[in-house]
Every structure is written in structure tokens, then in C-alpha cells.
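Please read the structure below before turning to the comments.
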Amino acid sequence: MEKKPVGVEIFDRIAHRYDSISRFLSLGIIPKWQRELVKGLEKPGKVLDLACGTGDAGALLLNKAESVVGLDYSLPMLKVAKEKYPEMLFVRGDALNTPFPDKTFDTVIVSLGLRHFENPEKGLSEIRRVLKSGGEARILEVSIPKNPALKFLFLQFLKRIMLPLGKLRSKADVTKHLYETIVNFPHYEELLNLARTVGFKGGSYKPLMFGMATIYTLKG
Ligand SMILES: C[S@@+](CC[C@H](N)C(=O)[O-])C[C@H]1O[C@@H](n2cnc3c(N)ncnc32)[C@H](O)[C@@H]1O
């Protein structure tokens, strides 16, 4: 396999503690966001959970989907995922260059993964490639509230609370990476524009918790 993507090394290191770190840093809110991500997907067909990590988002669809495949580059994350969800299929691979043929999946979900890719546009393009025509991609990402006062408060929270708290539970570079990926991500309309550029037919987004996270729905 080619050089390890930048956004993977950290997860290799923290895999066995990832679930507790992410619960701690998000004050326990992530499972609620993941349930929101898959809400309304009654017949999701063949599902790809891209950058599946420890598998929680994809696992929410196990009872409804024809099949659920989780892909991640981090073997330690996949090991934890397989222990948690032995019935789910996991594949190790790069989200920017997956081993799946064109138009394989009816639904692709990405829970808190896209902003870790070296190139989110390439990630979107790969999602588009493996999605069937008429299929749906759902992307959950941390975002920055649009409201100027909330934006200020959220950025202060990230800098003054999340960064120092994170340092207590993990290495400083982990929270620094988390912070930088949130700040540098193409949020809202910017992401929808990128999606259109790579061939999605349409898209919309739904802010959660005043825009601290956003779910993007893209039509293949
Ligand atoms: C924040 S975790 C999210 C995991 C899970 N989806 C969740 O909701 O908890 C980000 C994941 O993206 C994976 N990742 C980052 N870049 C990747 C890439 N290029 N290809 C595959 N996985 C990647 C990491 O290994 C990590 O497991």
C-alpha cells in the first residue's frame, strides 16, 4: 500500500482509546449526531461507511441494509471495529482510492472522516465514483457556526477548552490536528460547490446544534 495518509497516523496511535477520547471531547454528543446521519435511510441497500473508524455509524444500518462495508486505512481502528461488530465487513484501504468498482453502493456515509482526508475534493470524487446513479451520500462533519457570536464562542471553546482538555487525555498533536482540520475544512456552501464540481447532481445541508456539526446530503 502507498504512503500512509497524514490523517491516519494519529488514529493508529489512539485506536484503543478512540471511543472514549471522542466521547470525552464531544461531551458525549457524537452517537446522537451519528443517529441523525442515518435518520430516514429506511432502505439504504448496499452501504459503504467510508473512514469507518471503530464502526459505530455503519453499524447503525446493519439491520436495514442489504450489506454494510466499512473502509478505513487504520488497521488498529479496524481491529477495534471488528471486535465490536463481528458481523460487519471491513476493508483496509485509502478513501481517496478505494478498491470498489464504479457505481457499487446505494448509500455512502462518512462520519467525521472527510475533514481528515488529505484532499476532501478527491474524497468527494471517489464517493461519487462508487455511488450508483440515484444513490445518496451522507456526510457528517464538525462545522463552525455561521452566526458571528456563536462562531466566536465555538472557536474560543475549541482553542481554550478542547485543546487544553485534549492535551490531558492525549498527545498535543492529536488535538492540534483536530482543531486545524475543523478550521480549514470547506464548510457549508463551499462543500456543496465542491460536490457539484465532482459530479453530484444536487445537495443540501442540515446544521446540528446551531452549526457545530453539519450533515450534508448529496445526490448521485
Ligand atoms: C475521526 S475518525 C472517524 C471514525 C468514525 N467514522 C466515527 O464516526 O467515529 C476519522 C477516521 O478517518 C480515517 N481516515 C483518515 N484518512 C483516511 C484515508 N485517506 N483513507 C481511509 N481512512 C482514513 C482514520 O483512520 C480514522 O479512523
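In the working numbering, the protein residues as written are -7 to 212. Beta carbons are placed, not taken as given, at the ideal position from N, Cα and C, and that holds for glycine. Small disclaimer: the values here were computed from a predicted structure and weren't measured.
Contact annotation, G212 with S125: C-beta distance approximately 6 Å; criterion of less than 8 Å satisfied. Here the alpha carbons of E28 and I131 stand approximately 11 Å from one another. In the three-state DSSP reduction, L19 falls in the coil class, being neither helix nor strand. For H8, the closest of M204, N185, V134 and P68 by C-alpha to C-alpha distance is P68.
With a minimum length of 4 residues, the unbroken runs of alpha helix (DSSP H) contained wholly in the stretch 139 to 168 fall at 140 to 148 and 155 to 161. In the structure shown, the three-state DSSP call for A129 is strand.
Distance from the CA atom of M80 to the CA atom of A51, rounded to whole angstroms, is 7 Å.
For S103, the distance from the CB to the nearest heavy atom of ligand 1 is below 6 Å.
By a beta-carbon distance limit of 8 Å, Y180 contacts S135. Their separation comes to about 7 Å. Here the distance from the Cβ of D165 to the nearest heavy atom of ligand 1 is not below 6 Å. In this structure, Y180 has its CB at a distance of at least 6 Å from all heavy atoms of ligand 1.
For D98, the enclosing beta strand (DSSP E) stretches over residues F97 to S103.
Around the beta carbon of F146, 16 or more other beta carbons lie within 10 angstroms, which makes this residue buried. Under the DSSP definition of a beta bridge, F82 partners with G62. Remark: C-beta atoms of I13 and I6 approach each other more closely than 7 Å. In the DSSP annotation of this structure, D41 is not part of any alpha helix (DSSP H); the continuous beta strand (DSSP E) holding it starts and ends at K38 to L42. A straight-line Cα-Cα distance of about 7 Å links L116 and V190. When only Cα atoms are considered, L157 and L17 end up about 8 Å apart. A straight line joining the alpha-carbon of F202 with that of E58 spans about 34 Å. Residue pairing from DSSP places G195 in a beta bridge opposite L210.
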